[in-house]
Every structure is written in structure tokens, then in C-alpha cells.
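Q: So in full-length UniProt numbering, the last one in the sequence shown is 362, and the numbering has no gaps at all.
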Amino acid sequence: MTAADALATAYRHGPGRVIGKGPTPRLPPPAPATRVPLTDLAAGGRFGAALAHLLTDVATPRRWEPWNQYNDHRAYPSARSAFPVDVVLVADGGAWPLDPVRRALVGGAPARLGSSVRLDLVRRRERFSTGYGEFADVLVELEVGHLIAALADHAAQLGLRAQVGGDGLVVSSDRETGEPGPRPPVRSSGFGPRGVSADPRPLPASAFHAVATALPRPANLRHRLAVHNVVGVPDGWYDGPRLIAEGPAMDQVRATYGHAPNIVDVGSANLALVITGDPADAVAAEGPDGYRGLLRAAGACAQRVCAATAEAGLFCRPVRSVHDEDLEALVRAPAGHTVLYLLVAGRPRATGFTYDLTPLEA
Numbered sequence: 001m002t003a004a005d006a007l008a009t010a011y012r013h014g015p016g017r018v019i020g021k022g023p024t025p026r027l028p029p030p031a032p033a034t035r036v037p038l039t040d041l042a043a044g045g046r047f048g049a050a051l052a053h054l055l056t057d058v059a060t061p062r063r064w065e066p067w068n069q070y071n072d073h074r075a076y077p078s079a080r081s082a083f084p085v086d087v088v089l090v091a092d093g094g095a096w097p098l099d100p101v102r103r104a105l106v107g108g109a110p111a112r113l114g115s116s117v118r119l120d121l122v123r124r125r126e127r128f129s130t131g132y133g134e135f136a137d138v139l140v141e142l143e144v145g146h147l148i149a150a151l152a153d154h155a156a157q158l159g160l161r162a163q164v165g166g167d168g169l170v171v172s173s174d175r176e177t178g179e180p181g182p183r184p185p186v187r188s189s190g191f192g193p194r195g196v197s198a199d200p201r202p203l204p205a206s207a208f209h210a211v212a213t214a215l216p217r218p219a220n221l222r223h224r225l226a227v228h229n230v231v232g233v234p235d236g237w238y239d240g241p242r243l244i245a246e247g248p249a250m251d252q253v254r255a256t257y258g259h260a261p262n263i264v265d266v267g268s269a270n271l272a273l274v275i276t277g278d279p280a281d282a283v284a285a286e287g288p289d290g291y292r293g294l295l296r297a298a299g300a301c302a303q304r305v306c307a308a309t310a311e312a313g314l315f316c317r318p319v320r321s322v323h324d325e326d327l328e329a330l331v332r333a334p335a336g337h338t339v340l341y342l343l344v345a346g347r348p349r350a351t352g353f354t355y356d357l358t359p360l361e362a
């Protein structure tokens, strides 16, 4: 792919995208193969036990929501719970795909782990309907960013060292004990019997400040935060915690969203983060893969925002069904910038209706 091809792709993914109707993918059943439980990695000592916790905590089902037509839910979001990115453990001269539902490695397990392993991420675009066309690639790259950030951040919590590189990361022994990590906060997709919507009561200012101050600041991305119905905080547009323009920002965001309120009631949300970036600059700096790298950076940023909102007791729903040009104009994006992601957050209306799928040993 040339730089010109990469920029043409960015256009087709953004303002030039076409999404039609397509059949639901019918994927073949898993091929018969030996499956080794992740817990067996603990035989490799503290490093193996910590690695098992890492894969279990991040890349396997964590909860199931009865109101939600798209289950399961893991430590990172996935469009329609398609999970089009697989994790493969590479160690001891072999490669073992992760079976997330069974919490097992497929085809066996490494005889020895050594002091480091590689986790490769494999794209599976075919898990999306053909109606998405090329736009499925956007969702896949965003999810790669989410998953890399989730793995790297949780590795640090477990005392492991993670180095991101290429389509994956190297996880090495460091300060791990092999014990389970801190229990994550209870998460929600915000989904109820009438779609995704936020509790109409005012949001405490502490939740806004927790999210606004936690926003990552990569040099190649730009953020604008819409705020609505937060105690003591004026409605308007913010750069992190700093007010830029007072006004009905959330109503403005709602007008750019492409679906009805019974899908996602954007207007009810308390926070909406718009992430933009410049594909041409990314390609000039990084070569033809620069645009996809920009999407991965947006996904990683979004993952850390999702984690901050969960700590604050909020749901955070990534959406991409927006009218790009309208939203870019709304946030006064610099020339050359395109919308990469929109995150909608608020306090869930219903709690207590989720089934905890956390394994007992964790």
C-alpha cells in the first residue's frame, strides 16, 4: 500500500464510507483440538500464573447482560460483541491461540515459558457483516488499540512488564507474585430495556473531574469533551477539565448521531468525548500504516477513558455512527483532521441485572 492508497482508504472509512445491509456472519464451529486450561500455565511458576490472570482478566468473558442483544462482555468493548481480534500466545518456539469462551489455549501449551512471551493479535474481519464493507477495518483497528492498551495496563497491575510492538506486545517477568490482580470495578454497557441511556439525575462533579483529568494526551490525537447535567459544572465543550465554550454541547452531539434514541440516547449522556486526528500527518510521519496506527492510538486512548469512567461508576459506550463532517465542524477540528471515535458516558439507569462471569479462582 502506498501513502496515496492509505489516504484514499481514510476517506472511504470516513466521509466517503458506505454501509449497507448484509447477512449475519455464520462462522464455522471450532475445529477439534486439544485445549489446555489457562490455569495450567501456573505450573510455570509466578510468571505463568500472572500470565494466566492477564489473559483471563482481559481477553475472556467477564459479564453477561440480560437486556443486551450483544453478549459477551470483556475488559474492553467490541462492536456488536463480534470480538474480531484474536490473541495468540507465542512462546517456546510455538504459537497457541486463545479460546476465550473456554479460557484455554488451543492445540496445547508451551513446555516452558522462560522469562518473556509474545502476545500476537490476529485480525478477524470476517466476524462482521459484509454490509460494513471497508468500514469493518476501522472497527478492527480501533479494537486492536483497545486490546493492546487493556493488556499493557493490566500487565502492569499484575507486576508484569509489557512492551508494545507491531501487532502485539511482549510480556516479561518483572515484579509479579502470581496472585490475582485488583478486582476491577463493576462495569455496564448502559444498556436497558429501552436501549442505551443515562440516568437523568445530575452527575456528581467528582465523576467529571475523574474522567477529564485521566484523558490521555498522545501528540497525534485531539480531544473535545461535551458535558451535560453535571453538578456545579456548566454545560459546554471542554479541553480536559478546562471550559472552552459554554452551551448545549450534548444536544449538538446528538444532532450528529446517526441512530434513533432507542438505540443510543446520546442526548441523555453526561459526557461525550470526540477524538480526531490527521491521517495525512500520520502517513507522512509513519508511512502507509500511519493511518491505521492513528486508529489504534484512538482505540488505546478510548480504552483508558473507558477504564476511568468505570472507576467513576459510569458506563462508556464507543460509537462510530456519526455524520463526520458535522461533528468535525462542531468541535472545530483543525484542517485535515477527521473524526476517529466518539465515546458517550453516563451513569447507567439500571444496575444489578448483570451476571458475573469472573472465574472463581480469580
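Glycine included, C-beta positions come from ideal geometry on N, C-alpha and C.
Since I believe P25 is in contact with E126 (beta carbons under 8 Å), could you give me their beta-carbon distance rounded to a whole number of angstroms?
A: E126 to P25, Cβ: 6 Å. Contact.
Q: According to the neighbour-count rule (16 or more other Cβ atoms, all chains shown, within 10 Å of its Cβ), is A205 buried or exposed?
A: It is exposed - the Cβ of A205 has fewer than 16 other Cβ atoms within 10 Å.
Q: Run the proximity test for G313: is its beta-carbon closer than 6 Å to any non-hydrogen atom belonging to the ligand MG?
A: This structure lacks the ligand MG; in fact it carries no ligand of any kind.
Q: Could you tell me which residues DSSP pairs with I275 in its beta bridges?
A: BP columns for I275 point to H223 and Y341.
Q: Rounded to whole angstroms, what is the Cα-Cα separation between I19 and G107?
A: I19 and G107: Cα-Cα distance of roughly 37 Å.
Q: Out of A33, T130, A3 and A75, which has the shortest C-alpha to C-alpha gap to P23?
A: Ranking A33, T130, A3 and A75 by Cα distance to P23 puts T130 first.
Q: DSSP on S81, reduced to helix/strand/coil?
A: S81 falls in the helix class under three-state DSSP.
Q: If you draw a straight line from the C-alpha of L214 to the C-alpha of T34, how long is it?
A: At residue 214 the sequence reads Ala, which differs from the Leu that was named. Rounded to the nearest angstrom, the two C-alpha atoms are 43 Å apart.
Q: How many Å lie between V138 and T256 at the Cα?
A: Straight-line Cα distance between these residues: approximately 19 Å.
Q: Helix, strand or coil: how does DSSP classify A59 here?
A: In the structure shown, A59 sits in a helix (DSSP, three-state: H, G or I).
Q: Output the boundary residues of the beta strand (DSSP E) element that contains G293.
A: Run containing G293: none in the beta strand (DSSP E); it sits in the alpha helix (DSSP H), G290 to E311.
Q: Tell me which same chain residues have a C-beta within less than 6 Å of the C-beta of R80, skipping the five on either side of it?
A: So the list reads Y70, once near-sequence residues are dropped.
Q: Can you say whether G114 is buried or exposed, counting buried as having 16 or more other CB atoms within 10 angstroms of its CB?
A: So G114 ends up on the exposed side.
Q: So the alpha helix (DSSP H) I148 belongs to, where does it begin and stop?
A: That run of the alpha helix (DSSP H) goes F135 to Q157.
Q: Looking only at C-alpha atoms, which of F135, R304, P279 and Y291 sits nearest to L147?
A: Among F135, R304, P279 and Y291, the Cα nearest to that of L147 is on R304.
Q: In terms of alpha-carbon separation, which member of H323, E328, T358 and G299 lies closest to V144?
A: For V144, the nearest C-alpha among the options comes from G299.
Q: Going by the beta-carbon positions, is the gap between G258 and A245 smaller than 7 Å?
A: No.
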